[in-house]
Amino acid sequence: MFKTRLLSQEEVKSLVTMKDVLEAVEKTFKGMGEGTVINPTKVGLDLGETASYPPYEGFMNAMPAYVGWLDSAGIKWAGGFLGERRRMDLPYITSLILLIDPKIGNFRAVMDGAYITNMRTGAQTAIALKYLYSKKNLRLGLFGAGMQGHTQTMAISEIFHIDEVRVYDINPDASKKYAEDMKNKVQGDIVIASSPEEAADADVVVCVTQSKDKFVKDKWLKPGTILFPMGSYQECEDEFILNADKIIVDHIGQCLHRGALKGLSEAGKITEKNIYATIGEIVAGKKLGRGREEERILCIPIGTGAMDVAVATIVLQRAEEKEIGGFYEFV
Amino acid sequence: MVGTLLLSREDIRDLISIEEVVEVVEKTFKDMGEGGVINPAKLHLDLGDGSSGLPYKAGMNAMPAYIGWQKVAGIKFIGGWEDNPSKGLPYIRGMIILVNPEDGQFLSVMDGGLITAMRTGAQVAVALKYLMIKKERPVIALFGAGTQGRTQLLAISSVFDIKEFRVYDINKDAAMLFLKEMSPMTKAPIKLFDSPQEATDGADAVVSVTHAKNKFIRKEMFKEGVTLCPLGSFSECADDVILSADKIVVDHVEQCLHRGALKELVGAGAITAENIYGTLGEVVAGKKHGRTKNDEKILCVTIGTGAMDVSVASMVYRRAMEKGKGVSFSF
């Protein structure tokens, strides 16, 4: 008999701060760069996100990983659903994380994965920026004022002084809510942009939308801009991808098959050779980050199971220390 | 939040019989043949069983699937730890998660070990129902008297009135224990054999569930009219055994080309997708004939799909809800 610890979203939330998540994400990127993380390309289950069958307007991704610095393994199973789930007013993301002891295979924990997903996705951007953007102050352009927009901002504001956020969302109410929620996190002003072009005028532009249009124009992005297109579909024009001085990703296999690079990769216009480096290589000091101030950089941390497993392991360690959570004997 | 039902191995044992597992597996094969099932190739996390360099002699597979006839999605996360049995721990460690594809809510998290063993037996029982030469009083030979061997016997004997169930194991004590433990559980007469060759003389079907890497199944053991089911992950069959098959039937083409019995010959270019006669799903759905000639030698490789696990788990979940079994937890 073995007791598996169960942790709800509320419990997960009470156990880690954004600071903790940033630290775990940075160490895990370093591990990836040094080769101590095992992270196969995630496998998707298309439940109607792009396929015509079945009809659920959703998907689930299986993201197993082993994280060396924590000697922990596990999987995140996470998805997004736009159909019934949206009508029920539930969050887009649904997720569970399972952790195992890699020595003998005991299931150590089952926990909510949605909160960790949102937090680590923000942290991935912030840690990438830490190595790509050398100044303390920055102006942030944000497309998408939802949950991910919030956690992106929270993570970046932990490391940088945000002089201004220009936020754009096709739903103006979402932008207003974001401005209200984030006013104490953002050091400078939050401006609700009246056009996408206005929001693209920034040092760092982050896209966290479900847009299927390539709405960010190449000409909007000035020299020195770092663009993070984090959506499942391509959010920026082909020209920007093809003209960027550097393309940096978190996971090469994954980034060529999902998100911003998928279309150009399938068309044969972007291959592994066009990827300058992984974030892990830069954090580990194996590759230089930004060379010249005026470089335009495309950075895509599409998200790896390794980050989820790492953060979940920290959560579990805290839960053990503080004796939080339930137990169940599956075997 | 809606609760997720947690189910232990003991609960599962009480909730479903091998006959029911065979029935569910057959329906799911039919659905696969008709295109109602989505089942991407399983994703492997190497914890030392491959080239990762980790010291654990283990690996996990992520096996997501959607089952059309049940309108449910799920994933099994399962692995084997080679050193566990010597520590008194189970070789297989696994968990299954079910999700409602309508709204993305997690229906259940349950042990995956027992369901794996039962469905693996059931896959072969269904395969033999469509491929074996003799359906009345068949003689079955089994190689490998472990856990998997036990569920093979239970599943096959639930479908057929077995004339003789022959068992060979490299470890004689394991075979003796099998005879002792299994005789009270089946009306099939179990007979132990000292050599695999003898066990196959006059057998209608040969089922192999071993960890062998030494290609011990030789051509003279695969006679005319025999259905051979090698289920091991490694190398049980000599090359000419595979090449001499009149028909190769698999459960999942892509998966079977990259794992198990066919892997090596596929790597050498001697077997390609074109050498696969059809999937078991196509045969069960009536899209392809099963056995058409009495002297045909049929090789059937059912490596195992997440679809079988998810569909059996879904049946278990429904029963548990009806009977009020398990514990609910709100993640």
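Residue numbers (the working numbering), protein chains in the order written: chain A, 834 to 1164; chain B, 20 to 350. Glycine residues also receive a C-beta, built at the ideal position from the N, C-alpha and C atoms.
Option nearest residue i by Cα separation, candidates the options
i	options	result
E243 of chain B	B:E255, B:T219, B:I35, B:T291	B:T219
F350 of chain B	A:Y1011, A:A1026, A:S841, A:Y1161	A:S841
T986 of chain A	A:D1006, A:Y964, A:P1005, A:E1013	A:E1013
W1053 of chain A	A:V1039, A:S1044, A:E1031	A:E1031
I908 of chain A	A:L923, A:G938, A:P924	A:G938
C1007 of chain A	A:F976, A:P897, A:D996	First, the amino acid is wrong: residue 1007 of chain A is Ala here, not Cys. Taking only the C-alpha atoms, the option nearest A1007 of chain A is A:F976.
A1100 of chain A	A:R1123, A:D1071, A:G1113, A:P1029	A:D1071
A911 of chain A	B:I111, B:F125, B:P109, B:K76	B:F125
I1130 of chain A	A:D904, A:L1075, A:G864, A:N872	A:L1075
A1139 of chain A	A:E859, A:K836, A:Q1020	A:E859
R237 of chain B	B:T166, B:F96, B:D258	B:D258
G123 of chain B	A:Y964, A:V1164, A:L915, A:G974	A:L915
D314 of chain B	B:D270, B:S71, B:E283, B:V245	B:V245
E997 of chain A	A:N1004, A:I989, A:I1003	A:I989
G866 of chain A	A:K836, A:T837, A:M921, A:V900	A:V900
A1077 of chain A	A:G1064, A:V1041, A:M1063, A:I1108	A:I1108
S214 of chain B	B:K232, B:K206, B:I189, B:H230	B:I189
L108 of chain B	A:K936, A:S928, A:L923, A:D922	A:K936
T291 of chain B	B:V272, B:L299, B:Q216, B:E301	B:V272
V1041 of chain A	A:V870, A:L1089, A:K1055, A:I1133	A:I1133
I1025 of chain A	A:T874, A:M1063, A:A978	A:A978
E121 of chain B	A:L965, A:Q957, A:E882, A:Q981	A:E882
K1102 of chain A	A:K875, A:I1112, A:V943, A:F1073	A:F1073
Chain B contact residues for residue i, given Cβ-Cβ distances below 7 Å
i	result
A895 of chain A	L62, A81, P83, I94
S1165 of chain A	With chain A represented from 834 up to 1164, any question about residue 1165 of chain A goes unanswered, as that position is not in the structure.
M921 of chain A	D122
Residue i vs residue j beta-carbon contact at 8 Å
i	j	result
M151 of chain B	A224 of chain B	yes
K852 of chain A	E991 of chain A	yes
L62 of chain B	G78 of chain B	no
P249 of chain B	A289 of chain B	no
L24 of chain B	S127 of chain B	yes
V303 of chain B	E45 of chain B	yes
K344 of chain B	D30 of chain B	yes
I926 of chain A	G913 of chain A	yes
I995 of chain A	L962 of chain A	no
V118 of chain B	A92 of chain B	yes
I322 of chain B	K266 of chain B	no
I1135 of chain A	H1084 of chain A	yes
Y1161 of chain A	L839 of chain A	yes
G974 of chain A	A1035 of chain A	yes
I35 of chain B	L173 of chain B	no
T47 of chain B	I86 of chain B	yes
I209 of chain B	V186 of chain B	yes
F892 of chain A	G868 of chain A	no
DSSP bridge partner residues for residue i (one or two, in chain order)
i	result
M944 of chain A	A:L840, A:I930
I267 of chain B	B:L318
N970 of chain A	A:H994
E1162 of chain A	A:K836
C256 of chain B	B:I236
D65 of chain B	B:G78
R32 of chain B	According to DSSP, R32 of chain B bridges with nothing at all.
K1079 of chain A	A:I1130
I960 of chain A	The partner list for I960 of chain A (beta bridge, DSSP) is empty, contrary to what the question assumes.
Contact test: residue i Cβ vs the ligand FMN heavy atom, cutoff 7 Å
i	result
I152 of chain B	With respect to the ligand FMN, the structure shown offers nothing to examine, as it has no ligands at all.
Within chain B, the residues that residue i reaches when beta carbons sit closer than 8 Å
i	result
W902 of chain A	Result: empty, since nearest Cβ-Cβ is about 13 Å, beyond 8 Å.
E867 of chain A	None at all; the shortest Cβ gap to chain B is about 13 Å.
D945 of chain A	F350
R804 of chain A	Residue 804 of chain A lies beyond the residue range present for chain A, which begins at 834 and ends at 1164; the question has no answer from this structure.
Within chain A, the residues that residue i reaches when beta carbons sit closer than 9 Å
i	result
I57 of chain B	L878, D879, L880, A884, Y886, P887
G87 of chain B	Y886, P887
Residues that residue i contacts on chain A, provided the C-beta gap is smaller than 7 Å
i	result
W100 of chain B	I937, G938
S71 of chain B	I871
G132 of chain B	V1164
V346 of chain B	Y1161
Cross-chain neighbours of residue i in chain A, by beta carbon under 8 Å
i	result
M129 of chain B	F1163
F125 of chain B	T927, L929
A77 of chain B	P935, G938
M114 of chain B	L931, F940, V943, F1163
K106 of chain B	I937
Notebook entry, point to check: Which ranges does the beta strand (DSSP E) cover as unbroken runs of at least 3 residues, wholly within the segment 873-929 of chain A, from first to last along the chain?
Noted result: 876-880, 891-900, 905-914, all fully within the segment 873-929 of chain A.
Next item on the list: Return the chain-ordered ranges of every alpha helix (DSSP H) run that is complete within the segment 77-141 of chain B and spans a minimum of 4 residues.
Entry: none
Check: Fully enclosed by the segment 149-224 of chain B, which beta strand (DSSP E) runs are 3 residues long or longer?
Finding: Listed in chain order, they are 158-162, 183-187, 209-211.
Checklist line | Contained alpha helix (DSSP H) runs [length at least 4] in the segment 849-874 of chain A, N- to C-terminal order | finding: 851-867
Notebook entry, point to check: Could you give the uninterrupted runs of the beta strand (DSSP E) lying entirely in the segment 1088-1155 of chain A, keeping only those of 3 residues or more?
Noted result: 1130-1133
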